[in-house]
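Line by line, the protein sequences give chains A and B. Mapping to the working numbering: the first sequence position 62 is 62, numbers consecutive. To convert a position in the second sequence, counted from 1, into the working numbering, add 568.
Protein chains: 2
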Amino acid sequence: MAATDLNTKEHPKKPRILIVGGVAGGASCAARARRLSEDAEIIIFERGPYVSFANCGLPYFVGDVITSEKSLLVATPEIFKKRFNIDVRTQNEVLSIDRENRQIQVRNVLTGETGAEGYDALVLAPGASAVRPPLKGIEMPGIFTLRTIPDSRLMKNWISSNNVKRAVVVGAGFVGLETAENLARLGIAVTVIEMLPQVMPPLDPEIAAALQEHLVAKGIKLHLGDSVTGFERGSVENTIVATTKSGAGFESQMVILAVGVRPETALAKQAGLEIGSLGGIRVTEHMRTGDANIWAVGDAVEVRDFVTGEWTLLPLAGPANRQGRIAADVIMGCDSSFRGVQGTMVCKVFDVTVASTGVSEKTLLRHRLNGKDIPFEKVYLHPYHHATYYPGAKQIAMKLLYSPADGRIFGAQAVGEEGTEKRIDVIAMAMQSGSTVFDLEEAELCYAPQFGTARDPVNLAGMVAANALRGDSPVAHWTDAGITPSFILDVREPFEFDSGHFAGAVNIPLPMVRNRMDELPRDKEILVYCAAGQRSYYAARILRLNGFSARSISGGIATFKAQKGKLV
Amino acid sequence: MAATDLNTKEHPKKPRILIVGGVAGGASCAARARRLSEDAEIIIFERGPYVSFANCGLPYFVGDVITSEKSLLVATPEIFKKRFNIDVRTQNEVLSIDRENRQIQVRNVLTGETGAEGYDALVLAPGASAVRPPLKGIEMPGIFTLRTIPDSRLMKNWISSNNVKRAVVVGAGFVGLETAENLARLGIAVTVIEMLPQVMPPLDPEIAAALQEHLVAKGIKLHLGDSVTGFERGSVENTIVATTKSGAGFESQMVILAVGVRPETALAKQAGLEIGSLGGIRVTEHMRTGDANIWAVGDAVEVRDFVTGEWTLLPLAGPANRQGRIAADVIMGCDSSFRGVQGTMVCKVFDVTVASTGVSEKTLLRHRLNGKDIPFEKVYLHPYHHATYYPGAKQIAMKLLYSPADGRIFGAQAVGEEGTEKRIDVIAMAMQSGSTVFDLEEAELCYAPQFGTARDPVNLAGMVAANALRGDSPVAHWTDAGITPSFILDVREPFEFDSGHFAGAVNIPLPMVRNRMDELPRDKEILVYCAAGQRSYYAARILRLNGFSARSISGGIATFKAQKGKLV
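Set out below in structure tokens:
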């Protein structure tokens, strides 16, 4: 069969589209391809027993929040057949790709039979597998990963048959923390061990801090900044001791490894397709590999970071779905391309929600170390999620990263309860169009007392940053308070000052600042702080207009505490 | 004193800024002006007893959700003085403006004393007053409006001293419905009378429909499409009968007039400032009136509609705050301008939230009638607010209006429970940057099972509209089903069809469509529908790819019902 570039629109009359992997990216690609062509022959090969299942729901299935396994199945092979005329072959593993002859070798996992299947277009959507590091004792029974429905079934069985009362979760990312919550819900005492000194590694530590506190308050034991070195039998029958680098040991009846996922690239490697430095399959913005007839989508591919332009891995369902659609479009001759990822994410653990979009400060600093400096500024704020005059208002801790040159938004992170992810969604949408902090300032958002304030937290984030950029109120950070020879002014009320303040700070409450200016130095910079940054902003404005050099410390005491600052 | 144009930056050394009105716009303006100048003399004149109070909270204060009157006071004259060095003069009515001499006449409401005050800059922020139509009997005791704290206090006293068991609310907008809910919360039987045949006049009726149903389910009696003509004494002592155009009478112990607000323009008129055709003060994008030294902000001014470019009135706190800041900026010589209003709004009544941004279809049709046609297309959808595999997923009814030329978003409306206003906020942010439905399709939003789906409702709205614009799936509406000589195909399952369908529709369930195409006509258009629009989209794609002329009816049966369509 002559090589036909499908993208030239010279389609074979009935293109044969083979898709390897049938969860988010593969399933979307197949369904979209069918909507673009009734003639195409579309076959999904899935190694596992299920296609299109909701793996984001697995921790909740373990915790009996989701009670029916069936509800995790977004679609079944029967639905694919009836609704989309798509042939789904589960328990069929694709062994190799013969690019020259455009064929794949497939093995039926149940019967062991193998056979060849020819293709006009091949889409690799193999996903990613849970990392199982080669640690001593890793193969002991009772050590699980949670990535598939059978994984969750094994865990549930183990919990009931061993009457599990204590568990160790290794890794404090999404899956680790969601699993910890769900095990706790079952009455299991949970210890989470995390290599980094914070939970939720994608976030900056001072934003993760509130979640960390909440986990502890909910009875989760956290062991941070230490890594697991291996597993041993415990003193009691069927117990496992997770040992760590620091020499600690944590005994429990089950261990959940939640240390991330790794792109499934065996097939791509075998076929000689390019693999990126992060270990994912390299594709163009059309999701095409170096082979004009092979596409790749989902957790297995590297994608471009929207902010930095660098390659990244982002194994999330939303982008995988979009990539699947785009691959189908391109295969069928439509002009579609993937715009990269912002990394928008949310995670709720117990009552606290953390959400983020764009890059973190950690990411920007890592790029700086690698010689790719993207100058940035940041602001912190702690606004209430709705009007304080309406019952139930709670604070959201927010961080906004932006360009000091033009105010373009680089990223935002938030932690709080209700309405937390809403603010990140709004900022994610703003970032998509290249909006600036000045645009956030001007955003016209929903306001009623139950939902927000006349100045929404998103507006406030924009205002604080815009005031800094305009030079009205240049921003200072707690790190500045440590290093510059400055005068530290606390403008809270005396009772607040007395309950704990920055060492060496002088207290002049905001209402007294105008009358007590003679107590302030004109020969050095005054760094002003308050509880969350609002009163200090007012005070810094007063001082600047009166000829002092003054900056407000962003986020105030709330941010200081989140940064593990010690009050005196 | 020589006329100085403050905008030329040739400020008087200590400009004297007088502000008439101290709620949202006036208070923001004052505080902002102070942050820009320590030298300016800033005085707020407020006719009422309070400044900066939360009038959006008043219905909840009436309903005892907000229990402390004090919590409605966002700021007091004392706070203004201590924090901002702003002189607030409550109970001081500004009687007239002497533009030539740059003076205002002020009367102390308590003492009756009058005096003149000179200004360099004058800011009019008089707000709007509740409309009290000149109906027969309107001055009877027991007939209230709810706009100020004293209003709410009067209502509360009346309710307790008259042991109110039945109330009539006239007007089914925000204030009317929020008040109805709060009266019901107090155990009062409430009837709402509305002139239009729908509740929430800013929304299109088919979106308001769900809220309407919910109100009825919660025991609120709705009397729509009829207007109140007057009030009479009732049969029982102290009761009031509201009589209507249709001849009906509604007896109750109290009446709340919630028929909108009217810009306070007496002062502006007296001063000969331009008043727009909608009755608001006309200002430039710098919030300046025709007099270079007089600005106006808030509910009293006309503003530009962001979508249509036409003048409009939008008496909401968010825009008022922004306008106040902008006026202060301009007065102090900064380059700020108001970008117009999108009309973003939200209202929660009992468990249901309605939210909207941009223009409604009603508004676009009104413009068309007035010869200012803005071609538009619309789509309906009914996505779940979070993943269906996670407990508690509920549908949101959404409507998206956009340009058929380039996909630019004109407006969006939604009604549902949790997460409703979030989707409108995201679309509001998208609209601000001129984004299109293609951008919504590509948006990368927060997804975890508690918050959304891998394809968020915002993405889905974008996809449906984008599929229509690309010609993949042109959209049809129920109105088309009534007028075109078409074939109506219902692709739901037989049990759904039997439970009620469009008169004359033929039922072929989606999974059978490919096998039963010979039953379908090739000589006329096929309009396909299902429950909410997804299956009909699939079916329409199948038919189109097989050479039929077919369109999916947007929103399916759910939208048909919302449009008061009758099923057979």
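Glycine included, every Cβ here is placed at the ideal spot set by N, Cα and C. Bear in mind the structure is a predicted one, so any value in this text is a computation, not a measurement.
- For Gly-318 (chain A), a Cβ of chain B is located within less than 8 Å of the residue's own Cβ.
- With respect to the 8 Å criterion, Gln-838 (chain B) and Ile-610 (chain B) are not classified as neighbours on the basis of their beta carbons.
- Val-767 (chain B) has a beta carbon lying at 8 Å or more from every beta carbon in chain A.
- If you draw a 10 Å sphere on the C-beta of Phe-1063 (chain B), you find fewer than 16 other C-beta atoms in it, and that means exposed.
- In this structure, Leu-604 (chain B) sits near Met-900 (chain B), with a CB-CB distance shorter than 8 Å.
- For Tyr-50 (chain A), no chain B residue has a Cβ inside 7 Å of its Cβ, as the nearest lies near 13 Å away.
- Residue-level contact check: Gly-625 (chain B) touches chain A, since one or more beta carbons of chain A fall below 8 Å from its beta carbon.
- Annotation: Ser-246 (chain A) to Ser-227 (chain A) spans about 8 Å, alpha carbon to alpha carbon.
- Fully enclosed alpha helix (DSSP H) runs of no fewer than 4 residues occupy 534–545, 556–562 of the stretch 496–568 of chain A, in order along the chain.
- With fewer than 16 other CB atoms across the displayed protein chains lying within 10 angstroms of its CB, Val-1136 (chain B) is exposed.
- For Tyr-384 (chain A), DSSP records a beta bridge to A:Gln-395.
- For Pro-485 (chain A), no alpha helix (DSSP H) run applies, since DSSP gives it neither H nor E.
- A direct Cα-Cα distance of roughly 45 Å separates Ile-788 (chain B) from Leu-586 (chain B).
- Sequence-ordered contacts of the stretch 974–999 of chain B with chain A read Glu-989, Lys-990, Ile-992, Asp-993, Val-994, Ala-996, Met-997, Ala-998 [C-beta pairs closer than 7 Å].
- Taking a 10 Å sphere around the C-beta of Thr-713 (chain B), we find 16 or more other C-beta atoms and assign the residue as buried.
- Beta-bridge pairing by DSSP links Ile-843 (chain B) to B:Ile-849.
- The C-alpha of Gly-975 (chain B) lies about 29 Å from the C-alpha of Gln-766 (chain B).
- Within the stretch 786–873 of chain B, the complete alpha helix (DSSP H) segments of 4 residues or longer fall at 834–838, listed in chain order.
- DSSP, reduced to helix, strand and coil, places Glu-749 (chain B) within a helical segment of the structure shown.
- For Leu-510 (chain A), the chain B residues whose C-beta falls within less than 9 Å of its own C-beta are Lys-650, Arg-651, listed in chain order.
- Rounded to whole angstroms, Arg-423 (chain A) and Tyr-538 (chain A) show a C-alpha spacing of 25 Å.
- In the DSSP assignment, Ala-735 (chain B) falls within the unbroken beta strand (DSSP E) covering 734–738.
- Among the residues of chain B, those whose CB is under 7 Å from the CB of Gln-450 (chain A) are Lys-916, following chain order.
- Val-917 (chain B) carries a strand assignment under DSSP once its states are collapsed to helix, strand and coil.
- Cβ contact annotation for Phe-978 (chain B) (same chain, cutoff 6 Å, sequence separation greater than five): Val-875, Gly-926, Val-927, Phe-944, Leu-969, Tyr-970, in chain order.
- For Gln-413 (chain A), the enclosing beta strand (DSSP E) covers residues 409–416.
- The three-state secondary structure of Ala-973 (chain B), taken from DSSP, is coil.
- Within the stretch 630–646 of chain B, contact with chain A at the beta-carbon level (separation under 7 Å) is assigned to Val-633, Ile-634, Ser-639, Leu-640.
- Apart from the 5 residues on each side of it in sequence, Thr-229 (chain A) sits with its Cβ closer than 8 Å to the Cβ of Leu-135, Lys-136, Thr-243, Thr-244, Lys-245 in its chain, given in chain order.
- Residue environment for Lys-378 (chain A): buried (at least 16 other C-beta atoms within 10 angstroms of its C-beta).
- By the Cβ criterion, the stretch 1089–1100 of chain B is in contact with the stretch 1120–1127 of chain B, since at least three pairs of Cβ atoms, one from each stretch, lie closer than 8 Å.
- Under DSSP, Ala-476 (chain A) forms a beta bridge with A:Ile-553.
- In the structure shown, Val-379 (chain A) falls within a strand segment according to DSSP collapsed to helix, strand and coil.
- Around the Cβ of Glu-749 (chain B), a 10 Å sphere holds 16 or more other Cβ atoms; the residue is buried.
- In the structure shown, Ile-899 (chain B) adopts helical secondary structure according to DSSP, grouped into three states.
- In this structure Pro-718 (chain B) is exposed. Its beta-carbon is surrounded by fewer than 16 other beta-carbon atoms within 10 angstroms.
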